[in-house]
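Position in the sequence shown (from 1) plus 759 gives the number in our numbering.
Note that the Cβ used here is the ideal one computed from N, Cα and C, for glycine as well.
A quick write-up on the structure given underneath.
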Amino acid sequence: MAGMLNIGLTGLNAAQLQLNTTSHNISNAGTVGYSRQTVSQTTNVPQFSGAGFFGQGTRIASVTREYSQFLENQVLSADNRRSEYAAYGAQIAQINNLLADPTVGLSPAVQEFFAGVQEVSANPASVPARQSLISAAQALASRFNVMDARLNEIRDGVEGEIEATVASINLYARELAEINQRIVVAQAAGAGLPANDLLDQRNVLLSELNKLVKTTAIEERDGQLNVFIGSGQPLVLGQTVSTLTTITSSTDPTRQAIAMQTPGGGVVTLPERLLTGGQLGGLLSFRRDSLDQAQNQLGLLALSLATEFNRVHELGVDLDNMLGGPFFRLPGVVTRPDQGLTVEISSISELTGADYEIRETGGGFELVNLASGRRENLAGTPPAIDLEGLSITLDDPLPAGLEFPILIQPTRFAARDIGVAINDPRKVAAGSPVTVNTPVTNTGTGEIGSILVNNVAGIASDPVLRLPDFANFAVEYDSGEINVPAGYQIERVHFDTSSGQWVTDTNYASGGTATEYSPASDSAGARFRLTGPGGYEFDFELSGSPKDEDVFRFGPSEAGIADNRNAARLGALQTDKTMFASSGGAPTATFQSVYSQLVSKVGNKTREVQAGEKAQETLLRQASDARDALSGVNLDEEAANLIRFQQAYQASARVMSIAQRLFDEVVSLGR
């Protein structure tokens, strides 16, 4: 009887524990990260008798959770990428809205500015038209300033979010270390059996950390979890935590770098490209690949427009017949004064908008394009290089204590610093300093037109007044040649499609006082370049059929005349290709096309990130469904288990009741 009673008691206990576990599952059906628990039940050791082995009831072997590390890793991977795309997308959408806005974007301001130039070209003597141009230029410069300020606001927000994300990473790391300790203690007290609820809580913490930065987790034999980030930097080793921090970048004081604190109190900067995934990876990628490039490209556009407009403006004359000065206040290349180098822009059309670093090599220095990765050595004494529109020279000797790498940002702050340099409408240089007169005594039909001034060096004797006062001179046609006076040089030029420039035509004499012109073959027009004393230079076109001894008299333009030749050249800059030179040196893009490329690039990246986020959301949902099919609590199933284990409990109680009755019958027989 005692054996039957004990067997019933083991079944009763087992059913009760099954009911407890089922109730635990039902009560935690809505708990985030909870894994369904099941009871593993087995038989007790049987008792041997002469007739064989008789069972001794049942026992509970363990309580385990339904969990798959493979499925959990799929969820973590999808959630990590989704968080990265979400962080990236939230930030780049702000730039996309800024650049593409038809009201506050740059395109309307550029169009209004060049409309002002065209108005001056149509009415060069009109002071109101000139004042309107200056106002439009101020509006354009202000638009550059405002857009750059908005990008800086976005940058400040990103820096703040990076700092907050690093603080959250440290918080989760400490909590993981604490729960590691609790798991070790719990499992040691439980004969090494898994502490299911604590393990679920740790998974939730790891999942939250994984949303912030990509992690790699390895579980030790004692149940503790080691967590690594980046390329293997330890964040949590058992109960030891490594603390992340943000520090000012050693090369760029406007941005924060991620560093890991060492036990000795120092910090080790982590390479930014190794911190991938999650919210932190998304913020770092956005700052590096979109925000920096957008601000650089906007600055490149401001710098190119201001430089090219100034170049042409300084080749003309204003209403007082003085040479034009800078129209825009040019932004400069920003470098720290203690960095021991000189940076100048050698070719505006070759600038790429990239940032650069000068790094030490084994035997010298190299310039690295941070966007493309291109590397070029600095050569000579002092070390120097001319690359991608930049002329860079290191000091010789270098300042003591100079630290490498040295960051160079040729265009980063250009949109911030651009401004209008003139406020007097009479100073708008709409006219050309050179004019030509064809005497009525000429007997041929030769005509000169399309005078384009290339250089005004020496064209004015007084560098302060800058009044073109070069001596009048005559160009004479005689016997198939164009002749200029002694002290002048003339050459034929042709358009070189590879460089996009008018260059010397080597098929004709050049460098002297005469070159060829054939009325029979050149009457449609031939172009010449004339260089005068002091270095001033201009091109002109000769067409028609001049006769021998026909002359064309050149001299300074008169003040106050309705001359729009330079204004027309300024207006042509709107459609001229002046940026992004090809390998042959010919510019390939206009101001508007460069801005359109920037808008398109940001818009495409925005759509790419949004599509990536939606794809990862789908993958996350599928991975979560697969995991929950195994680990999730099904209330219908648990309700069925309640009935099953209740019946088992009742049956075991019935066994004990029968054993009691049998015992009572035996006792009654002895009375």
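Handout entry: Beta-bridge pairing of G1451 - partner residues as DSSP gives them
Key = The structure shown has nothing for residue 1451, since the chain only spans 760 to 1430.
Handout entry: Endpoints, the beta strand (DSSP E) within which P993 is located
Key = 992 to 996
Practice task
Would you grab the beta carbon distance between A852 and T1365 for me? Rounded to a whole angstrom, and I think it's under 8 angstroms.
Solution key: Between T1365 and A852 the Cβ distance is about 6 angstroms, and since that is below 8 angstroms, they are a contact.
Problem - 8 angstroms contact criterion, which I1017 and V925 should meet: CB distance rounded - result: 7 angstroms
Exercise for the section: Kindly provide the ranges of any alpha helix (DSSP H) runs that are 4 or more residues long and lie completely inside the segment 1061 to 1141, ordered along the chain. Expected result: none
Practice task
Quickly, what does DSSP pair A1285 with across the bridge? List them, please.
Solution key: L1301
Problem - D1264 versus L1110: straight-line alpha-carbon distance, rounded - result: 28 angstroms
Practice task
Just tell me which of P1198, N1213, V1193, W1261 has its CA closest to the CA of F1229.
Solution key: V1193
Practice task
Measuring alpha carbon to alpha carbon, tell me which of S1106, I1107, S1108, L1129 ends up nearest I728.
Solution key: No answer is possible for residue 728: it lies beyond the span of the chain, which begins at 760 and ends at 1430.
Practice task
Please go through the same chain and pick out, in chain order, the residues whose beta-carbon is closer than 6 angstroms to the beta-carbon of Q940, but skip the five residues on each side of it.
Solution key: Contacts found: Q998.
Handout entry: Among G1036, I942, V995, A1219, the one whose alpha carbon lies nearest that of E1073
Key = A1219
Exercise for the section: Could you tell me whether the segment 1391 to 1405 touches the segment 899 to 916, where touching means 3 or more Cβ pairs closer than 8 angstroms? Expected result: no
Practice task
Throw me the rounded Cβ distance for the R750 and E1296 pair, which I believe falls under 8 angstroms.
Solution key: Summary: the structure shown does not reach residue 750, with the chain confined to residues 760 through 1430, and so no result is reported for it.
Practice task
Would you grab the beta carbon distance between E1308 and D1255 for me? Rounded to a whole angstrom, and I think it's under 8 angstroms.
Solution key: The Cβ separation is near 34 angstroms, so there is no contact.
Practice task
Determine, using beta-carbon pairs with one atom in the segment 1000 to 1020 and one in the segment 1053 to 1061, whether at least three such pairs fall under 8 angstroms.
Solution key: no
Practice task
Assuming V1071 and S1191 form a contact by the criterion Cβ under 8 angstroms, report the distance between their Cβ atoms to the nearest whole angstrom.
Solution key: That pair is no contact at about 11 angstroms.
Problem - Backbone CA spacing between W1261 and T1101 [nearest angstrom] - result: 31 angstroms
Problem - Extent of the continuous alpha helix (DSSP H) to which V834 belongs - result: 828 to 859
Practice task
Look at the alpha carbon of S782 and the alpha carbon of N1400, and state the distance between them as a whole number of angstroms.
Solution key: 10 angstroms
Handout entry: Proximity below 8 angstroms, CB of N784 to CB of Q775
Key = no
Practice task
Determine, using beta carbons only, whether G1083 and A1180 come nearer to each other than 8 angstroms.
Solution key: no
Problem - Contact under 8 angstroms by Cβ, G1040 with V972 - result: yes
Handout entry: Local conformation of G1037 per DSSP, three classes
Key = helix
Problem - Outcome for F813 when other beta-carbon atoms lying within 10 angstroms are tallied against a minimum of 16 - result: exposed
Exercise for the section: Would you kindly check if the distance between the Cβ of E1147 and the Cβ of N1136 is under 8 angstroms? Expected result: no
Practice task
Could you tell me the boundaries of the alpha helix (DSSP H) in which T862 lies?
Solution key: Where T862 is concerned, there is no enclosing alpha helix (DSSP H), given that its DSSP letter is neither H nor E.
Practice task
Verify the contact flag: T1263, CB atom, against every heavy atom of the ligand HEM, threshold strictly below 7 angstroms.
Solution key: No copy of the ligand HEM occurs in the structure displayed, which carries no ligand at all.
Exercise for the section: Name the residue from A950, G916, S866 whose alpha carbon lies nearest to the alpha carbon of L1050. Expected result: G916
Handout entry: Cβ separation of E1119 and F1163, assumed to be a contact under 8 angstroms, to the nearest whole Å
Key = Taking the Cβ atoms as the reference, E1119 lies roughly 5 angstroms from F1163, within the contact range of under 8 angstroms.
Practice task
Compare the beta carbon distance of A936 and V1000 with 8 angstroms and say whether it is the shorter of the two.
Solution key: yes
Practice task
Out of M1081, G982, T780, state which residue places its alpha-carbon closest to the alpha-carbon of A1318.
Solution key: M1081
Exercise for the section: Taking 8 angstroms as the threshold, find out whether the segment 861 to 877 comes into contact with the segment 886 to 900 through three or more Cβ pairs. Expected result: yes
Practice task
Check whether the Cβ of E871 lies closer than 8 angstroms to any Cβ atom in chain C.
Solution key: Although the question refers to chain C, the structure presented lacks it and comprises just one protein chain.
Exercise for the section: Please list, in chain order, all residues of the same chain as G1303 whose beta carbon is under 8 angstroms from its beta carbon, the five residues on each side excluded. Expected result: G1203, T1204, G1205, E1206, P1278, S1282
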